[in-house]
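Here is the structure we will look at.
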Amino acid sequence: MHITLQSLQSYQPDSTPAFLIGSEPPAGLPADVVRRLRHVPALSPAPGLSDWMHWREERWSQFCEIYWAVLHNNPQRWEWLAHMARRQHIILLHAEADDTLSAARALQLFLQQQEEMPLAYASPVCFAAQFGSGGLL
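Numbering of the sequence shown is given in the working numbering, commencing with residue 5 and proceeding in unit increments.
Written out as structure tokens, the structure reads:
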């Protein structure tokens, strides 16, 4: 999988597909930058989750857990991007100065995890039907 993280501030458009994750393009971006990047709201965490995270490192693992659960349950949002990243290099852009706690980094980690060892999550109802309810239903 070929995924690079890059800040929007340092992005120089080229032929590599670039996707802005986690925020909308800020006003005042040069026209050539706006034309080359793709903002994909379906790949961004819910605004409330991002607001809750608020760049607090102690919340990072829980942020990822919640964000990844949403992605796991909505593969139509990200499978096309994973497929693209297997075939060619892509850039995940973030509007923050540091990518350490960015949604773009969380998405990169999620996609790499899916590539290395795909995890399957079942809904609680499906899990109970498949593995037995243990008298709970």
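Just so you know, even glycine gets a beta-carbon here, dropped at the ideal spot from N, CA and C. Model, not experiment: these values are computed from the prediction.
Residue ranges of uninterrupted beta strand (DSSP E) with 3 or more members, entirely inside the region 55-116 and ordered along the chain, are 94-98. No Cβ-Cβ contact shorter than 8 Å links residue 73 with residue 115. Of the candidates 26, 28, 29, 9, the residue whose Cα lies closest to the Cα of residue 20 is 9. Sequence-distant Cβ neighbours of residue 49 in its own chain, meaning closer than 6 Å and more than five residues away, are 71, 107.
Leaving aside the five residues that flank residue 37 on each side, the residues in its chain whose CB is nearer than 7 Å to its CB run, in chain order, 15, 17. For residue 11, the three-state secondary structure derived from DSSP is strand.
If you check the CB distance, residue 12 and residue 99 come in under 8 Å.
Comparing alpha carbon positions, the residue from 121, 56, 67 closest to residue 109 is 67.
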